[in-house]
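Participant:
Encoded structure:
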């Protein structure tokens with residue numbers, strides 16, 4: 009880990025409102041995994057965002073919109089996020105979103121395949137469209153017209169836009185996590 013966690017009592021005046029907003033968002037939306045240390049310090053991507061509050065606030069505002077106002081079906085969302093995390097081998101992202109995906113009912117075999125960077129068998133409809141769009145985008149190509157058209161048929165135009173932005177956001181989250189070498193929290197077994 010390249011950035012030490014910031015205990016709440018060590019926050020600057022500029023960091024405090026962002027910390028409060030992020031902590032509230034974490035407790036309401038990102039509670040399937042460990043994101044807050046015992047001393048109240050934020051973990052995962054929130055710690056790097058907190059280190060640079062102007063940049064962090066902009067990213068957090070986008071994250072809130074993409075998470076708290078999401079219209080995509082939950083399983084499709086998590087598949088797209090896991091395709092992205094697996095592509096970048098982003099340990100914390102995979103850790104966090106496997107936990108969320110389990111809550112959303114994605115089975116263990118599909119999760120194991122997704123995090124290995126492979127398309128699981130048995131994906132259909134929304135889940136398959138989410139996988140195909142995310143995979144095409146993270147591999148660096150222009151989204152092929154048939155894949156885009158399929159996504160529009162499945163999610164509508166607004167949902168397809170949301171999916172594309174979601175993959176872009178989680179590319180940035182993966183870069184944040186990897187760039188600052190953010191570890192997966194230790195858990196008691």
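In this note's numbering, the protein residues as written are 9 to 197. Beta carbons: idealized from backbone N, C-alpha and C, even for Gly.
(1) In whole angstroms, what separates the C-alpha of residue 124 from that of residue 142?
(2) Do residue 134 and residue 80 come within 9 Å of each other at the CB atom, strictly closer than that value?
(3) Taking only the alpha-carbon atoms, compute the straight-line gap between residue 78 and residue 170 and give it to the nearest angstrom.
(4) Reducing DSSP to helix, strand and coil, say where residue 123 ends up.
(5) Please determine if the region 45-62 and the region 178-194 are in contact, where contact requires at least 3 C-beta pairs separated by less than 8 Å.
(6) Enumerated in chain order, which unbroken segments of the beta strand (DSSP E) with a length of 3 residues or greater are wholly contained in the region 15-57?
(7) Taking 8 Å as the cut-off, does the region 86-93 touch the region 102-118 (at least 3 CB pairs, one atom from each stretch)?
(8) Mark residue 63 as exposed unless 16 or more other C-beta atoms lie within 10 angstroms of its C-beta, in which case mark it buried.
(9) Look at residue 37 and residue 51 and say whether their C-beta atoms are less than 9 Å apart.
(10) How many angstroms separate the CA atom of residue 159 from the CA atom of residue 25?
(11) Determine the contact status of residue 172 and residue 145, defining contact as a CB-CB distance below 9 Å.
(12) Could you pull out every residue in the same chain whose Cβ sits closer than 8 Å to the Cβ of residue 180, ignoring the five residues on either side in sequence?
(13) Please list, in chain order, all residues of the same chain as residue 138 whose beta carbon is under 6 Å from its beta carbon, the five residues on each side excluded.
(14) Which of the three DSSP states is assigned to residue 186 in this structure?
(15) Looking at the structure shown, is residue 153 part of a helix, part of a strand, or coil, going by DSSP?
(16) Between the Cα of residue 97 and the Cα atoms of 182, 192 and 14, which residue gives the shortest distance?
(17) Which residue comes first and which comes last in the alpha helix (DSSP H) that contains residue 98?
Facilitator: Considering the structure as presented:
(1) 15 Å
(2) yes
(3) 8 Å
(4) helix
(5) yes
(6) none
(7) yes
(8) exposed
(9) no
(10) 38 Å
(11) yes
(12) 67
(13) 84, 87 and 88
(14) helix
(15) helix
(16) 182
(17) Neither: residue 98 is in no alpha helix (DSSP H) and is coded neither H nor E.
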